[in-house]
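A.B. asks:
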Amino acid sequence: MSTTETQKIEELANKEYKYGFVTDIEADTLPVGLNEDIIRQLSAKKNEPEWMTEWRLKAYRHWLSMTEPEWANVNYPPVNYQEISYYSAPKSKPKLNSLDEVDPELLDTYKKLGISLDEQKLFAGVAVDAVFDSVSVATTFKGKLNELGIIFCSFSEAIREHPDLVKKYLGSVVPYTDNYFATLNSAVFSDGSFVYVPKGVRCPMELSTYFRINAANTGQFERTLIIADDGAYVSYLEGCTAPMRDENQLHAAVVELITLDNSQIKYSTVQNWYPGDKDGKGGIYNFVTKRGACRGINSKISWTQVETGSAITWKYPSCILQGDNSIGEFYSVAVTNNMQQADTGTKMIHLGKNTRSTIVSKGISAGRSNNSYRGLVKIGKKAEGARNFSQCDSLLLGDKCGAHTFPYLEISNPTAQVEHEATTSKIGEDQIFYLNQRGISTEDAVSLIVNGYCKEVFKELPMEFAVEAQKLLSISLEGSVG
Amino acid sequence: MLLEIKNLHASINGTEILKGINLSVNSGEVHAIMGPNGSGKSTLASVLAGREDYEVTSGEVLYNGKNLLELSPEDRAREGVFLAFQYPVEIPGVSNTNLLKTAVNEIRKYKGEEELDSMDFLLLLKEKSKLVELDQKFLSRAVNEGFSGGEKKRNEIFQMAVLNPMLAILDETDSGLDIDALRIVANGVNKLKTKDNATIVVTHYQRLLDYIIPDFVHVLYKGKIVKSGTKELAFELEEKGYDWVKSDNAESVV
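Heads up: the protein sequence lines correspond to chains B and H, in order. According to my numbering, the first sequence is numbered sequentially starting from 1. According to my numbering, the second sequence is numbered sequentially starting from 1001.
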């Protein structure tokens, strides 16, 4: 390789994390630490009704009795929960009717992040609910959705304006006792999205939310709840970016999805949290609980994710297939580079009759990273005629990374048909040289091969996300081969 | 002169394989490189293509007046050097169409030409696939995935047809081919010959040279070209075997 080639690769490998900047806005934060008093203050700041405060406290008291789990195939220094501030809101007006009222510095932040809260979004047909740190700042296109009876607002607003819906469904898929991080989230969740699509309504636009973690030591504890009533359809996009920080930041979100009869929720995520530097310093801890319940017959929940960021990713978007003929899908591309670690996968729980699930997991490991797939396919005793297809592939770039697979199959019904395929491969030097010899640079060659590898997952993403995902993948893998 | 190799020495893992190769190739010519196993035939092809495993310790290679050894493998390809691999590798997930479209447009970009749009490109593919009797359905399959030996070699020549190189190096293209496949491949190569391009055919056997008629035949033995001649030399080798060359060169080779 010529010296210019080597230089170019070094440049790219050291390319700074594009989104590494901090917005200089006065933030209203709570002192660090976690206790009942902090929780009451947090709840008060958000003007929450008593029942909500009580729910939080119940969760907090339960959390005190729990021990942090250590079974994942990841290593990290212990988190000091008393050194985190659990609330940070930018100081601007709580009610914004139009973009003119949004703090201009905030708007500038969104522009840098590539989010434009202006008319262009209207033409693109995407309603954007921008979460800045712990508070939702602006919600667009509420009017249009209102006409159809679709509720799309911040979680905080939903608690105030739609308490019956929240009370009915909150914690019904992920109970506050579920796991250590979900319990913590239930106590201190900051904000998130709430979506309700009424009977027979097909949401006409992709709903999307962008996240950002700012102020140091502020954990993000999003809470999202999406309900699709009988015959409803909604496609939701979650995309994240975060600034460069030295201290690790905890991100313990909870997402609950519910589909009633003949309805469908499509939930797509492109995750690009700060992954830490090449020596493993800094980076986000992404410990997330995501679960969907196909309550109704003929209902369907699809999870599609492209995970390229975070120092540590620990999440299992899952489906509980209760309704007869319900379908659960999980499509995932998880990339780890440098010193990143991931333990991710899914759980498909078949309970109803004639349920189907599809799992396609593509792991890509590079650098000195560790990437684990952990999946559970559970067929209940009464789950007649259940069918599952799982494909877990691992791609290793270089010889210092690791890929692991932990598949669990628990089958209690003899009529079940379960298929599991797994492959492990490398991008060989021979393949790169072959493409070089056809006039293609090494960088483009890796891109071609990796995109080919991820094709099956990318085609499940809404188009605009698919393009962002491909770019993200190339950036994440720059400098990892050659 | 299209290609001029002067006193080329190359090693791998410290062992010298090419011990002073001299070769001149003009446009419009077909040169055959023959020799016994281990003589350095594939090494020569790899070094010309720019494979990093090999270290050039001395000598030079001029291609169209340019110093070929200074160029990266992809730049050599963009300058019009094509290697038909002896063992074409599989690339799952990347379709033949996708590979070729990317390659064609990279080369066009390098030359300052406008990139081909999908429509024009597909027409180009259709036209060229006829040359090697390649079934259209191969185009959407992943590169060489599940291809038989013969299909892989045909795919190499198909790519050559699409990329239209100035210097094509065929590395044992005939190995593993039955008579029919051999005929199709050789036909393809012959149809692509023009007065502006040149071909270096690396082979063990004289058989391929019945179909691809060489202008010059060189015998490579222990890293050096020990004999050069016209196509009759190939017949002589066929008759006498490589031992003839080996004994002839017993003292003169280190």
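Heads up, the beta-carbon is just placed ideally off N, CA and C, and yes, glycines get one too.
With distances taken Cα to Cα, identify the nearest neighbour of H:LYS1130 among H:GLU1113, H:TYR1110, H:GLN1159.
C.D. replies: Ranking the options by Cα distance to H:LYS1130, first place goes to H:GLN1159.
A.B. asks: When the Cα atoms are used, what is the spatial distance from H:ASN1155 to H:ALA1181?
C.D. replies: Between H:ASN1155 and H:ALA1181, the C-alpha separation is close to 11 Å.
A.B. asks: Going along the segment 1149-1165 of chain H in order, which residues come within less than 9 Å of chain B, judged by CB to CB distance?
C.D. replies: Here the close residues are GLN1159, LEU1163.
A.B. asks: Which same chain residues end up closer than 8 Å to B:GLN120 when comparing Cβ atoms and leaving out the 5 residues on each side of it in sequence?
C.D. replies: For B:GLN120, the pLDDT reaches just 34, beneath the cut-off of 50, and the residue's location in the model is therefore unreliable, although a value from the coordinates is still provided. For B:GLN120, where only same-chain residues beyond five positions count, there are no Cβ hits under 8 Å.
A.B. asks: For H:LEU1270, does the count of other Cβ atoms within 10 angstroms reach 16, so buried, or fall short, so exposed?
C.D. replies: Since the first and last residues shown for chain H are 1001 and 1254, residue 1270 of chain H lies out of range.
A.B. asks: What are the start and end residues of each continuous alpha helix (DSSP H) run of 4 or more residues lying completely inside the segment 369-442 of chain B, in chain order?
C.D. replies: List check, alpha helix (DSSP H) in window: 429-436.
A.B. asks: Counting only beta-carbon separations shorter than 8 Å, does H:ARG1078 have a partner in chain B?
C.D. replies: So yes, H:ARG1078 belongs to the interface.
A.B. asks: Note down the Cα distance separating B:SER154 from B:PHE194, rounded to an integer number of angstroms.
C.D. replies: Straight-line Cα distance between these residues: approximately 6 Å.
A.B. asks: In this structure, how does DSSP classify H:LEU1163 when only helix, strand and coil are distinguished?
C.D. replies: H:LEU1163: helix per DSSP, three-state reduction.
A.B. asks: Note the first and the last residue of the continuous alpha helix (DSSP H) segment covering B:MET52.
C.D. replies: Its alpha helix (DSSP H) spans residues 50-64.
A.B. asks: So with Cβ pairs under 8 Å, would you call H:GLU1074 a contact of chain B?
C.D. replies: Yes, because at least one Cβ of chain B sits closer than 8 Å to the Cβ of H:GLU1074.
A.B. asks: Given B:ILE411, which residues of its chain have a CB within under 7 Å of its CB, disregarding the five upstream and five downstream residues?
C.D. replies: Cβ neighbours of B:ILE411 beyond the five flanking positions: ILE379, VAL418.
A.B. asks: What do you reckon, are the CB atoms on B:ILE449 and B:GLN431 nearer than 8 Å?
C.D. replies: Yes, Cβ-Cβ distance for B:ILE449 and B:GLN431 is below 8 Å.
A.B. asks: Cβ atoms of H:VAL1143 and H:ILE1091: under 8 Å apart, would you say?
C.D. replies: Against a cut-off of 8 Å, the Cβ pair of H:VAL1143 and H:ILE1091 comes out as a contact.
A.B. asks: Just grab the DSSP bridge partners of B:VAL254 for me.
C.D. replies: In DSSP, B:VAL254 forms a bridge with B:ARG223, B:THR289.
A.B. asks: Can you give the beta carbon distance from B:GLY402 to B:ASN370, rounded, assuming they're within the 8 Å contact cut?
C.D. replies: That pair is a contact at about 4 Å.
A.B. asks: Flag this pair as touching only if the segment 1006-1018 of chain H and the segment 456-474 of chain B have three or more C-beta atom pairs under 8 Å; answer yes or no.
C.D. replies: No, the segment 1006-1018 of chain H does not touch the segment 456-474 of chain B.
A.B. asks: Within 10 Å of its beta-carbon, does H:ASP1120 have 16 or more other beta-carbons around it, so buried, or fewer, so exposed?
C.D. replies: When all chains shown are included, H:ASP1120 counts as exposed.
A.B. asks: Alpha carbon to alpha carbon, what distance is there between H:LEU1069 and B:TYR316?
C.D. replies: Roughly 51 Å between the two C-alpha positions.
A.B. asks: Who are the near neighbours of B:ARG489 in its chain, counting only those whose CB is closer than 7 Å to its CB and skipping five residues on each side?
C.D. replies: This structure gives no information on residue 489 of chain B, because the portion of chain B shown stretches from 1 to 482.
A.B. asks: Helix, strand or coil, according to DSSP, for H:LEU1170 in the structure here?
C.D. replies: Strand, per DSSP.
A.B. asks: In the segment 445-457 of chain B, which residues sit with their C-beta less than 7 Å from some C-beta in chain H, listed in chain order?
C.D. replies: Flagged, chain order: LEU448, ILE449, GLY452, TYR453, LYS455.
A.B. asks: Does the beta carbon of H:ALA1010 sit closer than 8 Å to a beta carbon anywhere in chain B?
C.D. replies: Cβ-Cβ to chain B under 8 Å: no for H:ALA1010.
A.B. asks: Under 8 Å, with one C-beta from each stretch per pair, do the segment 1072-1086 of chain H and the segment 413-427 of chain B reach the 3-pair mark?
C.D. replies: Judged by Cβ distances under 8 Å, the segment 1072-1086 of chain H makes no contact with the segment 413-427 of chain B, as fewer than three pairs qualify.
A.B. asks: Alpha carbon to alpha carbon, what distance is there between H:LEU1003 and H:GLN1086?
C.D. replies: H:GLN1086 and H:LEU1003: Cα-Cα distance of roughly 21 Å.
A.B. asks: Taking only three categories from DSSP, how would you classify B:ALA138?
C.D. replies: Its pLDDT being 40, under 50, B:ALA138 is placed unreliably by the model, and nothing is read from it.
A.B. asks: Using DSSP with H/G/I as helix, E/B as strand and the rest coil, what is H:PRO1092?
C.D. replies: Correct three-state label for H:PRO1092: strand.
A.B. asks: Flag this pair as yes or no: are the beta carbons of B:ALA293 and B:SER186 separated by less than 8 Å?
C.D. replies: It is not a contact, given that the beta carbons lie outside the stated cut-off.
A.B. asks: From B:SER190 to H:LEU1100, what distance separates their C-alpha atoms?
C.D. replies: Computed Cα separation, rounded: 51 Å.
A.B. asks: Applying a beta-carbon distance threshold of less than 8 Å, which residues of chain H neighbour B:GLN341?
C.D. replies: Chain H residues near B:GLN341: none, gap ~25 Å exceeds 8 Å.
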